[in-house]
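*Asks:* Have a look at this one before I ask anything.
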Amino acid sequence: MRTVWSFHIAHSIVFGRDAVKQLGEIATRMRAKKALIVTDAILEKAGLLERVRQPLLAAGLTVDAFTGGEPEPSMRAGLACYEQAKTFQPDLLIGLGGGSNMDLAKLAATLLKHGGGPRDYVGDDKIPGPVFPLICIPTTAGTGSEVSAATVITDNENHIKVGILSNWLRPTVAVVDPLMTVSCPPKVTADSGIDALTHAIEAFTAIDNADFPLPEGERTVYQGKHPMGDLCAERAITLIGKYLCRAVKDGSDLEAREGMALAALLAGMAFSNVGVALVHAMEYPVGGAVHCSHGVGNGLLLPYVMRFNLSAKVKAFAEIAALLGENVTGLTERAAAEKAIAAVEKLRADIGIPQRLRDLGVKQEQLRGLAEKTFGIKRILRVNPRSVTVEEIEGIFQEAL
Ligand SMILES: NC(=O)c1ccc[n+]([C@@H]2O[C@H](COP(=O)([O-])OP(=O)(O)OC[C@H]3O[C@@H](n4cnc5c(N)ncnc54)[C@H](O)[C@@H]3O)[C@@H](O)[C@H]2O)c1
Ligand SMILES: [Zn+2]
């Protein structure tokens, strides 16, 4: 029986309204002189790039920006960013954006330090040592990439999203400024917010650390459910229950934005140590096939997978219902657990996430292939509290169709 667990995050986290104003000081403490900001044209237009550039210039740094970021980024975008970095020769990378841009920056930080191509690092623990100095600044409240050990890249040739997982990928500093999320449109707020909920729920209901089925000789950053993961996931679920709807309905609600920024950070701290599970494994091929956002795919699939997993973790699901604000007094554990699913279904509807895969363009004839691709993502499936066959995965896809 396993009795040891560990917990890893970014080296430092700087959190709060106007935290980006401290970037000059932070970069100087890192002894940086030349920073490359990795972002996209939308965020440049929204003025966020300028808000990051200014304090760096004021501190005397030379600054350049790569603005070729894209949602669900391709390996091609990663290589373009790497090329610009090689020409500019920065001593600091700054990932500015949602998960997509932060992941591009993390990929570039890997390539700049260790060379090679993106495919060399796909999988678990393939990065041989520390990556390039990196600050991440989230502009969505969702992925937790600012503290996580993951980079998710779309492999266009194989129509699937692939993950690079390594504790070396955790940024040096996460600067989480809720004001950077205020311009986030309602759909991006909803999609990224329910992704954070999926991270917290998958971590909180993961297989226990003591039972984590890691084959002899394999290494992974995921460890199964453990006390620090629970602490972060519980708080994240409560905050999301309280604030996600408010942030979607009124993007200028700063209390809600701040609550969601903290929730996404905590959910990132939880899942990146404990693991994500069947929802994420099913979303990767769906996202690769129909090009929906990661959050929409997860949010859609979440209650279906919760129903499948319920019998393996009744107590944890009952606790989730209470954390989401449901009244569970007097209910049996099973009835309370069912309420967690209903609460997520209601939240999903309230924020406008579709309920059926066919709404995303998935076709009946694709289900078997999607199930087979899901079944191949073993590093995630072993985190799931229930082991699952290809037929069962196909069955869940069928229910969700
Ligand atoms: N590395 C990890 O740990 C991790 C975890 C979960 C998901 N992901 C990945 O992250 C990606 C999704 O990231 P995301 O949900 O944060 O969305 P995103 O980064 O894909 O952004 C979606 C769109 O919203 C725009 N946007 C973002 N912030 C904005 C703001 N403040 N104002 C205006 N527009 C804004 C972006 O320009 C982009 O066009 C996926 O590729 C997913 O697989 C990574
Ligand atoms: Zn996710």
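So in the working numbering, the last spot in the sequence shown is 453, and the numbers never skip.
Quick reminder that beta carbons are idealized off the backbone N, C-alpha and C, glycines included.
None of the values given here were measured: they were computed from a predicted structure.
(1) Going by DSSP in three states, alanine 111 sits in which element: helix, strand or coil?
(2) Thinking just about the alpha-carbon of each residue, which of Phe118, Lys85 and Asp229 is nearest to the one in serine 94?
(3) If distances are taken between C-alpha atoms only, which option among Ala193, Glu254 and His251 comes closest to serine 235?
(4) Evaluate glutamate 390 with the Cβ neighbour count: other Cβ atoms within 10 Å of its Cβ, from every protein chain shown; 16 or more gives buried, anything less gives exposed.
(5) Taking the beta strand (DSSP E) that valine 228 belongs to, which residues open and close that run?
(6) With burial defined as no fewer than 16 other Cβ atoms inside 10 Å of the residue's Cβ, what is the status of valine 199: buried or exposed?
(7) Any heavy atom of ligand 1 within a distance shorter than 7 Å of the CB on isoleucine 94?
(8) What separation, rounded to the nearest whole angstrom, lies between the Cα atoms of glycine 281 and alanine 288?
(9) Are the beta-carbon atoms of isoleucine 205 and glycine 130 separated by less than 8 Å?
(10) Quick one: what's leucine 145 bridged to in DSSP?
(11) Decide if leucine 100 is buried, meaning its Cβ has at least 16 other Cβ atoms within 10 Å, or exposed.
(12) Considering only C-alpha positions, which residue in the set Met232, Cys344, Glu371 and Gly276 is nearest to valine 414?
(13) Taking only three categories from DSSP, how would you classify lysine 415?
(14) List the DSSP bridge partners of lysine 398.
(15) At the level of alpha carbons, what is the spacing between alanine 160 and arginine 359?
(16) Assign asparagine 379 to buried or exposed, taking buried as 16 or more other Cβ atoms, counted over all protein chains shown, within 10 Å of its Cβ.
(17) In angstroms, rounded to a whole number, what distance separates the CA positions of leucine 108 and alanine 87?
(18) For tyrosine 134, I'd like the list of residues in its chain whose CB is within less than 8 Å of its CB, leaving aside the five on either flank, ordered along the chain.
(19) Assign glutamate 335 to buried or exposed, taking buried as 16 or more other Cβ atoms, counted over all protein chains shown, within 10 Å of its Cβ.
(20) So, is glutamate 371 buried or exposed, given that buried needs 16 or more other C-beta atoms within 10 angstroms?
(21) Judging by CA-CA distance, which residue of Leu419, Ala84, Glu444 and Glu122 is the nearest neighbour of threonine 91?
(22) Ligand 2 heavy atoms versus the CB of aspartate 247: any closer than 7 Å?
(23) Below 7 Å CB to CB, which residues in the same chain sit around leucine 148 once its five sequence neighbours on both sides are set aside?
(24) For ligand 1, is there a heavy atom less than 7 Å away from the beta-carbon of aspartate 155?
(25) Which whole runs of the alpha helix (DSSP H) in the segment 200 to 269 are 4 residues long or more, in chain order?
(26) Between glutamate 385 and the rest of its own chain, which residues show a CB-CB distance below 7 Å, the 5 nearest in sequence each way excluded?
(27) According to the neighbour-count rule (16 or more other Cβ atoms, all chains shown, within 10 Å of its Cβ), is asparagine 153 buried or exposed?
(28) Measure the alpha-carbon distance for valine 331 versus threonine 114 and round it to whole angstroms.
(29) Taking the beta strand (DSSP E) that serine 64 falls in, what are its first and last residues?
(30) What's the call for asparagine 261, buried or exposed, on a 16-neighbour Cβ count within 10 Å?
(31) If you drop the 5 nearest sequence neighbours on each side, which residues of the same chain put their C-beta closer than 8 Å to that of serine 304?
(32) Inspect the beta-carbon positions of glycine 293 and leucine 217 and report whether they are closer than 8 Å.
(33) Counting Cβ pairs closer than 8 Å, one from the segment 207 to 217 and one from the segment 71 to 83, do we hit at least three?
(34) Does lysine 294 come out as helix, strand or coil in the three-state DSSP assignment?
*Replies:* This is what the structure holds:
(1) coil
(2) Checking the sequence, you will find isoleucine at residue 94 rather than serine. Considering only alpha carbons, the answer is Phe118.
(3) Checking every option, the nearest Cα to that of serine 235 belongs to Ala193.
(4) buried
(5) 225 to 228
(6) buried
(7) yes
(8) Cα-Cα distance, rounded: 11 Å.
(9) yes
(10) Leu88 and Leu186
(11) Classification of leucine 100: buried, given that the 10 Å Cβ count is 16 or more.
(12) Among Met232, Cys344, Glu371 and Gly276, the Cα nearest to that of valine 414 belongs to Cys344.
(13) coil
(14) Secondary-structure assignment with DSSP links lysine 398 through no beta bridge to anything.
(15) 39 Å
(16) exposed
(17) 8 Å
(18) Leu159, Ala160, Leu163 and Leu164
(19) buried
(20) Result: buried.
(21) Glu122
(22) yes
(23) Ile89, Val90, Thr91, Leu95, Leu100, Leu101, Val104, Ile189 and Thr191
(24) yes
(25) 238 to 256
(26) Val366, Lys367 and Ala370
(27) buried
(28) 42 Å
(29) 64 to 67
(30) With 16 or more other Cβ atoms within 10 Å, it is buried.
(31) Val234
(32) no
(33) They do not touch, by the three-pair rule.
(34) helix
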